[in-house]
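Participant: Per my numbering, the very first residue in the sequence shown carries number 199; after that it's consecutive. Submitted below is the structure of interest, expressed as structure tokens.
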Amino acid sequence: MLTSDEVERLREAIIATIAAPIVGSIEDYSWEAIFHYVKNISLSDPTSGRTKLLHDAVDLRTQTGWSLKTIQLPNLNPGLTFAFVIQRADVITKAPALGFPGLTVDSPPATLGEAIIYHWNQKLIQDRNLQGVTNSYEGILCKKRNAIEYIYTEYPLTPLDPTTFSWNWSINRNTGEAGKGLQGKVDGKLMLVWYKNQKQLFKVQTIPEQPIQLRIERNRLTPEEYVKAILSTLQQKIN
């Protein structure tokens, strides 16, 4: 979790980011850039190419990596559950390579679930090795639409134990038929959802009782103010 100094850096970085008139909201690369500033780790120039490796930020000194996500929620109350994409999981196409020959969407839910977890664990372990990471986390910035209220929360990323999961297709409440989402639960709690059409794997998390909460005063620069400030800073850097 963030130190008190890092929380202050996060607050400052959010204020600076949402002040820019060219930024609509904090997401994707802007969140990655903010997080690198917060942790004081080197940020690579995106023009050099971006990888599809799991960890969006890596501190090589501590061998710690973070998979960074942002999500807009209706409220930021402790106990609220939310889902977000963690992987494109085309386990049907990759079934033979994963060790599940003959796997189809009509296979038993437990078999599909086992393949999904194997696919995810393989990605996590492989990218840890490639990126020199020993400790993995999800670093999630949750935000409200007003761009004033935020929370940061962090969850450990470890390989999943397939023996703890039970799998079933979601049921359409109107028709009573199986829906498109394959739900993975642990002790009755929803943890994963795999959608067969989009082939995307979602993870379900819960806002903890004491997340890092930030309320920001929103001040936007005009385009003229923003451009002049940036050019002035660049000129000073050149000189």
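Virtual Cβ for every residue (Gly too), placed ideally from N, Cα, C.
#1: Could you pull out every residue in the same chain whose Cβ sits closer than 7 Å to the Cβ of R286, ignoring the five residues on either side in sequence?
#2: Which residue from L271, W229 and K321 puts its Cα closest to that of K342?
#3: Quick one: measure Cβ to Cβ for Q329 and L251, integer angstroms, because I've assumed they're closer than 8 Å.
#4: Can we say the region 377 to 389 touches the region 252 to 267, given the rule of at least three CB pairs closer than 8 Å?
#5: For Q285, does the three-state DSSP call read helix, strand or coil?
#6: Since Y335 sits in a beta bridge, which residues does DSSP pair it with?
#7: State the beta-bridge partners of L412 as determined by DSSP.
#8: Can you tell me whether DSSP reads G311 as helix, strand or coil?
#9: Please confirm if the region 208 to 217 is in contact with the region 411 to 427, defined as three or more CB-CB distances below 8 Å between the two stretches.
#10: Select from N333, P276, G382 and T279 the residue whose C-alpha is nearest the C-alpha of I315.
#11: Compute the Euclidean distance between the alpha carbons of Y350 and S223, then round it to the nearest angstrom.
Facilitator: Straight from the coordinates:
#1: K397 and Q398
#2: L271
#3: 6 Å
#4: no
#5: strand
#6: W264 and P354
#7: Y348
#8: helix
#9: yes
#10: G382
#11: 15 Å
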